[in-house]
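Residue numbers (my numbering): 31 to 413.
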């Protein structure tokens, strides 16, 4: 390729799905022959605004060879200028800047404004409209969106949302690639032995940090369905609570679910993820609001059928009754899908479909799609 590319967004030692994504994208560019580095945050969220326990990896080490510069303090304008000066000195052909939250608009949008005119800017937009809305979101988002020349989204719903903020015709949809950074799949027996589950258990997995929009309350209501109780279906909730856990603990107790809901309410390090997916029969994402989800693509990597709600872009990549189920946002519809899955023994056929479809969501396709968008920007400049 011979291209020089800078990815702007979270990376090690910051933790979470976006950091993992950026590091995987780095590897894909590297594999394609590009010179690539990541410009990340020195401070992403002030501790007073961060809902979790820690923003940084505590145990794991960075992948060898990753070029990461942690320069941006989200609330310190002096670092925004220094970051732009650093990027300008590197003379990249283009930057790929992540946008997922209006809070980041001032720091990232300002960095982009200080870049030289010959550096093309492509925004990789996770969410144009946040799941949890606050006053001023629109103004902040417009401030950021006014600078990139090209836009990539990973769901068609976000692609449609972009029309509220930009008139650019240089935007495209590229599906979220399948994560391939979590090691080899763990056999179900081994995974369940590790987690203290029986081989006969019927197990759903709710994975990732817990916030209201992710709909754990809906899934807990479905778990209270008498049919699921009779089948002794169990649910593993694996992830840190980003809001007060009391409401969920009360719901578990009131629905008599204490024996069937297993809480691992802490951040799950990358090296442990395989065992959770290996232990599950099906991954449940009963979201109340969504665009796309990295959890879906982890499920694809590990060959696990999925149950998703019909919101955002989730239904786009989980074909109903093939890769899993697309449900309405009601406890009865979710429970009906779980009953069908176990009673009709759908797991083998759905798992085979998931495994056959996973190669469609490649990192090579993501890089090629961004490269095509960059070529269009260059062509437009020559007109």
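By construction, the Cβ of each residue, glycine as well, lies at the ideal position given by its N, Cα and C atoms.
Closest Cα partner of residue i within the set the options
| i | options | result |
| --- | --- | --- |
| residue 144 | 165, 177, 205 and 313 | 177 |
| residue 262 | 289, 211 and 354 | 289 |
| residue 180 | 134, 162, 187 and 201 | 201 |
| residue 404 | 156, 182 and 45 | 182 |
| residue 336 | 364, 215, 98 and 360 | 364 |
| residue 396 | 318, 248, 152 and 339 | 152 |
| residue 125 | 103, 35 and 250 | 35 |
| residue 322 | 282, 203 and 273 | 203 |
| residue 131 | 148, 175, 95 and 112 | 175 |
| residue 117 | 46, 99 and 398 | 99 |
| residue 389 | 301, 207, 368 and 283 | 207 |
| residue 167 | 129, 120 and 149 | 129 |
| residue 356 | 340, 233, 308 and 366 | 340 |
| residue 253 | 393, 399 and 278 | 278 |
| residue 318 | 33, 111 and 161 | 161 |
| residue 260 | 61, 62 and 369 | 369 |
| residue 354 | 308, 234, 299 and 61 | 234 |
Distance, residue j Cα to residue i Cα
| i | j | result |
| --- | --- | --- |
| residue 172 | residue 165 | 13 Å |
| residue 82 | residue 218 | Caution applies to residue 82, whose pLDDT of 49 falls short of 50 and renders its modelled position unreliable; the model cannot decide the point. |
| residue 109 | residue 135 | 14 Å |
| residue 381 | residue 115 | 49 Å |
| residue 170 | residue 193 | 16 Å |
| residue 242 | residue 292 | 19 Å |
| residue 345 | residue 159 | 18 Å |
| residue 352 | residue 371 | 11 Å |
| residue 239 | residue 316 | 13 Å |
| residue 40 | residue 220 | 33 Å |
| residue 271 | residue 48 | 18 Å |
| residue 57 | residue 97 | 11 Å |
| residue 64 | residue 31 | 6 Å |
| residue 275 | residue 350 | 32 Å |
| residue 43 | residue 53 | 11 Å |
| residue 410 | residue 212 | 39 Å |
| residue 123 | residue 401 | 11 Å |
| residue 304 | residue 216 | 6 Å |
| residue 348 | residue 325 | 12 Å |
| residue 273 | residue 294 | 15 Å |
| residue 95 | residue 45 | 18 Å |
| residue 74 | residue 102 | 8 Å |
| residue 154 | residue 147 | 19 Å |
| residue 301 | residue 196 | 40 Å |
| residue 139 | residue 185 | 22 Å |
| residue 107 | residue 113 | 10 Å |
| residue 149 | residue 412 | 15 Å |
| residue 297 | residue 269 | 5 Å |
| residue 7 | residue 120 | Nothing can be reported for residue 7: it is not among the residues displayed for the chain, which extend from 31 to 413. |
| residue 362 | residue 282 | 17 Å |
| residue 55 | residue 133 | 23 Å |
| residue 359 | residue 338 | 9 Å |
| residue 189 | residue 373 | 38 Å |
| residue 398 | residue 210 | 18 Å |
| residue 156 | residue 232 | 33 Å |
| residue 199 | residue 163 | 26 Å |
| residue 393 | residue 386 | 16 Å |
| residue 214 | residue 255 | 35 Å |
| residue 230 | residue 111 | 58 Å |
| residue 66 | residue 127 | 13 Å |
| residue 280 | residue 33 | 54 Å |
| residue 187 | residue 72 | 32 Å |
| residue 307 | residue 61 | 27 Å |
| residue 191 | residue 244 | 20 Å |
Rounded distance between the beta-carbons of residue j and residue i, thought under 8 Å
| i | j | result |
| --- | --- | --- |
| residue 265 | residue 236 | 6 Å |
| residue 68 | residue 141 | With a Cβ gap of about 14 Å, residue 68 and residue 141 do not count as contacting. |
| residue 70 | residue 104 | The pair is not a contact, with the Cβ atoms about 11 Å apart (cut-off 8 Å). |
| residue 285 | residue 249 | 11 Å between Cβ atoms; not a contact. |
| residue 267 | residue 287 | Not really, about 11 Å apart at Cβ, beyond 8 Å. |
| residue 342 | residue 367 | Actually they are not in contact, since the Cβ atoms of residue 342 and residue 367 sit about 18 Å apart, beyond 8 Å. |
| residue 384 | residue 334 | 7 Å |
| residue 51 | residue 205 | Going by Cβ atoms, the distance from residue 51 to residue 205 rounds to 13 Å, so no, they are not a contact pair. |
For the segment 368–384 and the segment 311–323, state whether three or more C-beta atom pairs, one from each stretch, are separated by less than 8 Å. Segments in contact, yes.
Contained beta strand (DSSP E) runs [length at least 3] in the segment 302–333, N- to C-terminal order: Here the runs fully enclosed are 312–315.
Would you list, in sequence order, the uninterrupted alpha helix (DSSP H) runs of no fewer than 4 residues that lie entirely inside the segment 159–225? Counting only runs of 4 or more residues that sit fully inside the segment 159–225, the alpha helix (DSSP H) segments are 167–175, 186–191 and 218–225, in chain order.
Counting beta carbon pairs with one atom in the segment 330–337 and one in the segment 219–227, are three or more of them shorter than 8 Å? Under the three-pair Cβ rule at 8 Å, the segment 219–227 does not count as touching the segment 330–337.
Ordered list of beta strand (DSSP E) runs contained in the segment 95–163, each at least 3 residues: Within the segment 95–163, the complete beta strand (DSSP E) segments at least 3 residues long are 98–103, 124–129 and 150–155, listed from N- to C-terminus.
Kindly provide the ranges of any beta strand (DSSP E) runs that are 3 or more residues long and lie completely inside the segment 350–402, ordered along the chain. Counting whole runs of 3 or more residues, the segment 350–402 contains the beta strand (DSSP E) stretches 354–357.
Can you list the alpha helix (DSSP H) stretches of 4 or more residues lying completely in the segment 248–305, in chain order? Scanning the segment 248–305 for uninterrupted alpha helix (DSSP H) segments of 4 residues or longer gives 256–261 and 276–284, listed from N- to C-terminal end.
List, from N- to C-terminal side, the beta strand (DSSP E) runs of 3 residues or more that fit wholly inside the segment 31–58. Here the runs fully enclosed are 34–38.
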